[in-house]
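A quick write-up on the structure given underneath.
In the numbering used here, the protein residues as written are 141 to 416.
Right under this line is the structure:
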């Protein structure tokens, strides 16, 4: 094959079924999606990406699947394909289509020995509004680590590193706690937005062996801040893709820690007369 080693060729089939009221075009699209889903499962891409997700708590239904899709999109693991053949028919109260697609997809080069281990946060991933938070993790290899708190809109706040903790690589094999429990200079506190009683968030631990992410360093030098912390408005569109572009071979790893914040947030600001 003349394809670059960074891409994988595939030929795979899928079947879609919808109600009789659906168009054959919609049924064929369903079949194509099923073929792509089979590709992700059979190629090992799905297993590799789902391995990033911390399952130490019962996740919000569908959260792991949604997060895996966002990560695949950000890392460019999106199949390019064409439909080789399709066959559609009507059966009783339903319509079905069978398709075969061929194309290429980016390989996700990972070293299974390079992992970030974690055990969630809070009580089974649930934090009370105002609760102090500590993130505990370990590395199987020494690495430069970036820790982001990413909200449901994809807005990422850089928690680590920072001026108080420097930019040196973290060691392998020992438990790392952030913020360190023996200091009082930095405290992480779970907060709900005004008027809210629930929030779903994700902590992203990005680890690179022997490399750094210029995008993060630029973010710190020219920050848009949330309080005194640097913020990136589009974590999945701006920073996570850089991890895939910069990392070579298996010298990177990722960990996603889902959490929920519950309780009662501050009251929303009062609306001035004449405003809505």
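Glycine residues also receive a C-beta, built at the ideal position from the N, C-alpha and C atoms.
Opposite residue i in the DSSP bridges: which residues?
| i | result |
| --- | --- |
| residue 345 | 287 and 395 |
| residue 324 | Residue 324 is not bridged to any residue. |
| residue 317 | 276 |
| residue 152 | 241 |
| residue 159 | 234 |
| residue 402 | 268 and 338 |
| residue 376 | Per DSSP, none; premise fails for residue 376. |
| residue 296 | 290 and 372 |
| residue 310 | 283 |
| residue 176 | None; residue 176 has no bridge partner. |
Is the separation between the beta-carbon of residue i and that of residue j shorter than 7 angstroms?
| i | j | result |
| --- | --- | --- |
| residue 179 | residue 211 | no |
| residue 264 | residue 197 | yes |
| residue 254 | residue 393 | yes |
| residue 280 | residue 312 | yes |
| residue 155 | residue 238 | yes |
| residue 348 | residue 283 | yes |
| residue 276 | residue 217 | no |
| residue 293 | residue 233 | no |
| residue 243 | residue 221 | yes |
| residue 397 | residue 258 | yes |
| residue 268 | residue 390 | no |
Under a three-way DSSP split, which group does residue i fall into?
| i | result |
| --- | --- |
| residue 196 | coil |
| residue 358 | helix |
| residue 219 | coil |
| residue 184 | coil |
| residue 381 | helix |
| residue 169 | helix |
| residue 226 | strand |
| residue 147 | strand |
| residue 369 | strand |
| residue 410 | At residue 410, the pLDDT of 46 sits below 50, so the modelled position is not reliable; the number obtained from the coordinates is stated separately. Residue state, collapsed to three classes: coil. |
| residue 416 | Annotation note: pLDDT 35 at residue 416 (below 50); position unreliable, coordinate value reported separately. Reduced to three states, the DSSP call for residue 416 is coil. |
Would you verify that the beta carbon of residue i is, or is not, closer than 7 angstroms to some beta carbon of chain C?
| i | result |
| --- | --- |
| residue 375 | Among the chains in the structure shown there is no chain C, since it carries only a single protein chain. |
How many Å lie between residue i and residue j at the Cα?
| i | j | result |
| --- | --- | --- |
| residue 385 | residue 369 | 25 angstroms |
| residue 338 | residue 401 | 6 angstroms |
| residue 296 | residue 228 | 44 angstroms |
| residue 378 | residue 372 | 8 angstroms |
| residue 187 | residue 177 | 12 angstroms |
| residue 274 | residue 169 | 44 angstroms |
| residue 167 | residue 175 | 13 angstroms |
| residue 148 | residue 256 | 26 angstroms |
| residue 163 | residue 314 | 57 angstroms |
| residue 141 | residue 247 | Caution applies to residue 141, whose pLDDT of 36 falls short of 50 and renders its modelled position unreliable; the model cannot decide the point. |
| residue 416 | residue 335 | Summary for residue 416: the model assigns pLDDT 35, below 50, so the residue's position carries little reliability; its value from the coordinates is reported in the next sentence. Distance between the alpha carbons of residue 416 and residue 335 is about 16 angstroms. |
| residue 230 | residue 203 | 34 angstroms |
| residue 215 | residue 286 | 17 angstroms |
| residue 201 | residue 351 | 35 angstroms |
| residue 249 | residue 381 | 14 angstroms |
Following a CB-centred definition, is residue i positioned closer than 6 angstroms to any heavy atom of the ligand FMN?
| i | result |
| --- | --- |
| residue 390 | Inclusion of the ligand FMN in the displayed structure is not the case, the ligand content being empty and no account of it being possible. |
Jot down the residue ranges of each uninterrupted beta strand (DSSP E) in the segment 235-274, minimum 3 residues, whole runs only, in chain order. 256-258 and 266-268
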